[in-house]
Amino acid sequence: MDFSLTREQQMLLESLRDMAKRERFMDLAAEIDETGSFPYQLIPKYADMGLLGMTLSEAYGGMGESSLTAILAIEELAKYSPMIAAPVFESNVGPVRVIDMFGTEQQKKAIIPGVCSGEYSVSVCMTEPEGGSDLTALNTTVEEKDGHYLLNGRKSFITGGGEASHYLVYTRFGEQKGYKGIGGVIVEKGMPGFTFGKQEEYMGLRGMPSCDLYFDDVRVPKENVVIDKGNFGNLMLTFDIERCGNAAMCLGIAAGAMEAAKTYARERTAFNRPICEFQDIQFKMTDMVMKLDAARLLVYRAACGAGQGLPSIYEASIAKCYANEMVKEVTEMAIQIFGGYGYSKAYPVERMFRDSRAWGVAGGTLQMLRITMASMIFGRRFDQRKKD
């Protein structure tokens, strides 16, 4: 399998590195973490560079690029901060891909051009107070009434909550139990009955909008149905693209921590010599590089499958699971190389360590990913529900 970057991909990464210097991304990352303010000022700049919606269909304003190209861009930007990479993530591997692949012509024309210009953003809404991993047990429902649907329920920990313009809501159609009754509808910010809870405060990922969503008899036109009941598999297939993006965030954070540790190890002296001359530091650095490279190969393999259509569930699960664990290990080793300074907010690795913890929960927990992989290894499904 050839992972050589094309000339265009190499030029893209160079342009992002130039932008990082010009826009002082290292300083911006620290400022975002301190203030908790999302860098909205970057969105029009990303749009001008063609970074928003570059994987979306050209017919609606996208560039038709491969998922791997988007993964490369996300990884490069996440070296500084996941918040700096977030607009590229959401517009290329987020729920807008569901609309691009399975939405109606009307939906695509109404939403995708706005995403590519930076005017719109789409948030995915799955997790509920009583269920995250068991998506087939959703309690949010839509009921048909007078030629439209009424949406009722609550979603929790929704990234982009309160700030996104559109929300792809996973919901149950009527009373049908299990996955066969689940589909997805588009809800626009400002619809009557659609409200937001307070913004969450997390250990890491400061600056990322996130809150609960409340639906109280929200009138949803039938033309807002993206995935009808009985097509739950389509929602999950496209979700594997988002898992590749989740893993790319981990690659970026780990690469940023590794580079910071390498620079520090060259400059910091102990016993009259740079600490990079000590074997323990050398071993930590080589372990960091090996883990990062292994994760990168797994993520790129899954993303290459996505470039040909949709990624393998198995490959996407392996890539995300390994990258989620790798980034925690690498950022922790970076803190150890920094010593006491690694625990100080004066240096970036403590922030990277905090940011690393979220990805193993978002987009599918490590435990659920392992259950998915086990079912494929053994060639059978394993039901986690308690037997009556």
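Just so we're aligned, residue 0 is where the sequence shown starts under numbering that gives the first Met the number 0, counting upward by one.
We put the beta carbon where it would ideally sit given N, CA and C, even for glycine.
Simplified DSSP assignment, three categories, for residue i
i: K154; result: strand
i: F37; result: coil
i: F238; result: helix
i: D382; result: coil
i: R54; result: Note on residue identity: the sequence assigns Thr, not Arg, to residue 54. It is coil, neither helix nor strand.
i: S3; result: coil
i: K283; result: helix
i: A163; result: coil
i: N389; result: A question about residue 389 goes unanswered here, because the residues of the chain that appear run from 0 up to 387.
i: Q106; result: helix
i: M202; result: coil
i: G113; result: helix
i: M62; result: coil
i: L27; result: helix
i: E258; result: helix
i: F277; result: coil
i: L137; result: coil
i: G173; result: coil
For residue i, the first and last residue of its enclosing alpha helix (DSSP H)
i: V87; result: 81–91
i: E142; result: That residue, E142, is in no alpha helix (DSSP H); its beta strand (DSSP E) goes 140–144.
i: V186; result: Per DSSP, V186 belongs to no alpha helix (DSSP H); it is in the beta strand (DSSP E), 181–187.
i: R16; result: 6–21
i: R96; result: 95–101
i: S66; result: 66–77
i: K44; result: 42–47
Residues that residue i bridges to, as DSSP identifies them
i: A269; result: R272
i: Y148; result: E143, V219
i: P224; result: Looking at the sequence shown, residue 224 is not Pro but Val. DSSP output for V224 lists V184 as bridge partner(s).
i: V168; result: C124, V184
i: F193; result: F214
i: G130; result: E127
Extent of the continuous beta strand (DSSP E) run through residue i
i: Y213; result: 209–220
i: S426; result: Residue 426 lies beyond the range of the chain shown here (0 to 387); nothing can be said about it.
Does the structure place the region 157–173 close enough to the region 86–103 that three or more beta carbon pairs sit under 8 angstroms? yes
As an exercise, report each continuous alpha helix (DSSP H) stretch of at least 4 residues that is fully enclosed by the region 287–370, in chain order. 312–337, 348–355
Any contact of the region 179–192 with the region 242–257, i.e. 3+ C-beta pairs under 8 angstroms? no
Would you call the region 62–71 in contact with the region 41–54, where contact means no fewer than 3 C-beta pairs closer than 8 angstroms? yes
Just checking, does the region 316–330 make contact with the region 365–384 on the three C-beta pairs under 8 angstroms criterion? yes
Determine, using beta-carbon pairs with one atom in the region 97–115 and one in the region 198–206, whether at least three such pairs fall under 8 angstroms. no
Between the region 352–366 and the region 279–291, do three or more beta carbon pairs fall short of 8 angstroms? no
Would you check if the region 68–83 and the region 6–14 touch, i.e. whether three or more CB-CB distances between them fall below 8 angstroms? yes
Contact between the region 236–245 and the region 209–225 (3+ Cβ pairs under 8 angstroms): no
Using a Cβ distance threshold of 8 angstroms, determine whether the region 28–42 contacts the region 76–93, with at least three qualifying pairs required. yes
Taking contact to mean at least 3 C-beta pairs separated by less than 8 angstroms, is the region 145–155 in contact with the region 262–270? no
Are the region 331–338 and the region 256–265 in contact at 8 angstroms, needing three or more beta carbon pairs? yes
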